[in-house]
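Participant: Protein chains in written order, with the working numbering: chain A, 1 to 84; chain B, 1001 to 1367.
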Amino acid sequence: FPVDPEKEDEGKNIDLVETYLQNFYNLEKDHRPHLRKGGKNHLAEKLKEMQEFFGLQVTGKPDHDTLEMMNKPRCGVPDVEQYV
Amino acid sequence: FTTGNPKWKKNNLTYRIVNYTRKMRQTDVDAAIQKALNVWSSVTPLTFQKTKDKIADIMISFEYRDHKDNSPFDGPDGQLAHAFQPGEGLGGDVHLDDEEAWTKDGRGYNLFIVVAHELGHSLGLSHSNDPGALMYPNYAYTDPKEFRLPQDDIDGIQAIYGQSNDAVQPTGPTTPQACDPNLTFDAITTLRGEMMFFKGRYMLRKHPERSETELNFISLFWPNLPSGIQAAYENIERDEILLFKGNEDKYWVVRGYDIAYGYPKPIYRLGFPKTVKRVNAAYSDETTGKTYFFVADRYWRYDENKKSMDHGYPRKIIQDFGKIGRVDAVFQKDGYVYFFHGTTQFQFDPRAKRIVNQMKSISWFNC
């Protein structure tokens, strides 16, 4: 069956968010939390950190403005934690 | 600052361009890097000397994907470059993603802007959350010819290395904040129901249905007009805006995101005498088809239908607009004309020909 385009976009967005937070907010790679998972959500905390830095609405959710910001070309040095 | 406050222990640093990209001529790469180094040396006591073969403090190279520093590049777009904090070995080095479309102008990614940012890291700066700062993590194009290091970056680097040795200390532009009571504007216009407030290389964009104000670089919309818009007005009938840049005695017609073909044109084409070098403010009255241009303490009236200046102008602004003498910016909305002078705004009723209200200039931003 063809993939539902909306579902496909959602999957891409989750990948983008995880990769971005791993690269720039020290989200652990083996953590693999999922956005819809309840309880303590490390990814949501990192997302809030990112949103706060960029002056976005701090929701802990990958809303439109957050995804737009993550899609912008940028410097590869992380915003938090020591690089080396 | 970078965690641990790393800094170079000496002021005379060396740099080496390890290799070149094929996207640009070598002389253009050299020039971009030299200019980027000057950005920092002009505001601190730091000096940079080029070396050709030796290991230098700052090694600048173009790299591809995994380049053995545990931070692989990701191909076109995304991550453009990275740099290491001051220190031995990799410390201070700048890596540029060789898969990016590097340029010396506004197409693709401007090498000078990116290298200048990365050198900030090489010297010990971390990312800034000031969206106008050079050290803001996201790429934003500024015409290299008009580039001035923002004050946020000057403050940061001088806190590490001290002030410049020059007698006159450099200063830089600050990022406008919508709720700053001291904020003044260069120009204001409506655009398809929104309001655009121009300030330096920024544009504050306010939609009447949205509570927040968006801050953008002018270059995001119009790369050829990156800063210094001194007057702007919307011609609703033709769905276009006219933009006037300071001291260039030229104007641009913008339709949507595109600059109309054949522009800029000299402002004399609108009927101004050659003695007029800049327009301070302008608005167009959609009901009468008349456009008002404000220059120093006088104003001209232009007929959009006849495409010529009306006779009997210029007139003194103060003669016809109440106590308003000089104008920084003006726009018309819902039948009223809003004049801005410094931090003060006057609401003028053109039917009654009098000022009906006086407010702070930032009154539109829900502060």
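Think of the CB as a built atom: it goes at the ideal place given N, C-alpha and C, for glycine as much as any other residue. Since the structure is predicted, the reported quantities are computational estimates derived from the model, not experimental observations.
1) If we ignore side chains and look at the alpha-carbon of each, how far apart do T1213(B) and F1365(B) end up?
2) With DSSP collapsed to three states, give me the class of D1349(B).
3) Report back the beta-carbon spacing between V1115(B) and A1031(B) to the nearest angstrom; my notes put them in contact at under 8 Å.
4) What residues of chain A sit near Q1177(B), judged by a beta carbon separation below 9 Å?
5) By how many angstroms is the C-alpha of L21(A) removed from the C-alpha of Y1015(B)?
6) Using Cβ-Cβ distances below 8 Å, what residues of the stretch 42-73 of chain A are close to chain B?
7) The alpha helix (DSSP H) with A1284(B) in it runs from where to where?
8) Please check the pair R1210(B) and T1142(B), which I expect to be a contact at CB under 8 Å, by giving their CB distance rounded to whole angstroms.
9) Starting from I1318(B), trace the alpha helix (DSSP H) both ways and give me its first and last residue.
10) Residues in the same chain with beta-carbon distance under 8 Å from Q1371(B), minus the five sequence neighbours each way, listed in chain order, please.
11) Which of helix, strand or coil does DSSP assign to Q1151(B)?
12) Would you decide whether L1220(B) is buried or exposed? Buried here means 16 or more other CB atoms lie within 10 Å of its CB.
13) At a CB-CB cut-off below 9 Å, which residues of chain A make contact with Y1139(B)?
14) Going by DSSP, what residue range makes up the beta strand (DSSP E) through Q1358(B)?
15) Going along chain B in order, which residues have a C-beta closer than 7 Å to the C-beta of D79(A)?
16) Determine whether the Cβ of L1080(B) lies closer than 7 Å to any Cβ atom of chain A.
17) Who are the Cβ neighbours of H1207(B) in its own chain at under 7 Å, not counting the five residues just before and after it?
18) Thinking C-beta only, is Y1283(B) closer than 7 Å to Y1251(B)?
19) Does any residue of chain A have a CB that is nearer than 7 Å to the CB of H1117(B)?
20) In the DSSP assignment, the alpha helix (DSSP H) including Q1026(B) goes from what residue to what residue?
21) I want to verify the contact list: residues of chain A whose CB lies under 7 Å from the CB of A1083(B), in sequence order.
Facilitator: Looking at the coordinates:
1) For the purposes of this step, residue 1213(B) is identified with residue 213 of the second sequence, where counting begins at 1. For the purposes of this step, residue 1365(B) is identified with residue 365 of the second sequence, where counting begins at 1. Computed Cα separation, rounded: 6 Å.
2) Taking the second sequence and counting its residues from 1, the one referred to as residue 1349(B) is at position 349. Correct three-state label for D1349(B): strand.
3) Walking along the second sequence from the start, residue 1115(B) turns up at place 115. Walking along the second sequence from the start, residue 1031(B) turns up at place 31. No, V1115(B) and A1031(B) are not in contact; Cβ-Cβ is about 11 Å, not under 8 Å.
4) In the second sequence, the residue the question calls residue 1177(B) occupies position 177. Going along chain A, no residue has its Cβ under 9 Å from Q1177(B), so there is no contact; the nearest lies around 11 Å.
5) On the second sequence, position 15 is the one that residue 1015(B) refers to. On the first sequence, position 21 is the one that residue 21(A) refers to. About 32 Å.
6) F53, F54, G55, M69, K72, P73
7) Here residue 1284(B) refers to the residue found at position 284 of the second sequence. In the sequence under discussion, the amino acid at residue 1284(B) is Ser, which differs from the Ala named in the question. Not the alpha helix (DSSP H): S1284(B) falls in the beta strand (DSSP E), residues 1281-1285.
8) Mapped onto the second sequence, residue 1210(B) falls at position 210. Mapped onto the second sequence, residue 1142(B) falls at position 142. That pair is no contact at about 27 Å.
9) Along the second sequence, one-based indexing puts residue 1318(B) at 318. That run of the alpha helix (DSSP H) goes 1317-1320.
10) Past the boundaries of the shown model lies residue 1371(B); chain B is included only from 1001 to 1367, so the question cannot be answered.
11) To locate residue 1151(B), count along the second sequence from 1; it is residue 151. Note: Q1151(B) maps to helix in three-state DSSP.
12) Counted from its first residue, the second sequence places residue 1220(B) at position 220. Burial call: exposed.
13) As a position in the second sequence, residue 1139(B) is number 139, starting the count at 1. Within chain A, the residues near Y1139(B) are K72, P73, R74, C75.
14) Walking along the second sequence from the start, residue 1358(B) turns up at place 358. Counting along the chain, the beta strand (DSSP E) containing Q1358(B) begins and ends at 1354-1360.
15) Stepping through the first sequence from its first residue, residue 79(A) is reached at position 79. Those within 7 Å of D79(A) in chain B are H1127, P1137.
16) Translated into positions along the second sequence, residue 1080(B) becomes position 80. Yes, contact with chain A.
17) Position 207 of the second sequence, counted from the start, is the residue given in the question as residue 1207(B). Counting only Cβ-Cβ distances below 7 Å, and skipping sequence neighbours, we find E1194.
18) One-based indexing of the second sequence puts residue 1251(B) at position 251. One-based indexing of the second sequence puts residue 1283(B) at position 283. Taking 7 Å as the Cβ cut-off, Y1251(B) and Y1283(B) do not qualify as a contacting pair.
19) As a position in the second sequence, residue 1117(B) is number 117, starting the count at 1. Yes, its Cβ sits closer than 7 Å to a Cβ of chain A.
20) Start at 1 with the first residue of the second sequence, and residue 1026(B) comes out as number 26. Here the alpha helix (DSSP H) through Q1026(B) covers 1026-1041.
21) As a position in the second sequence, residue 1083(B) is number 83, starting the count at 1. Ordered by position in chain A, the residues that pass the 7 Å Cβ test against A1083(B) are V77.
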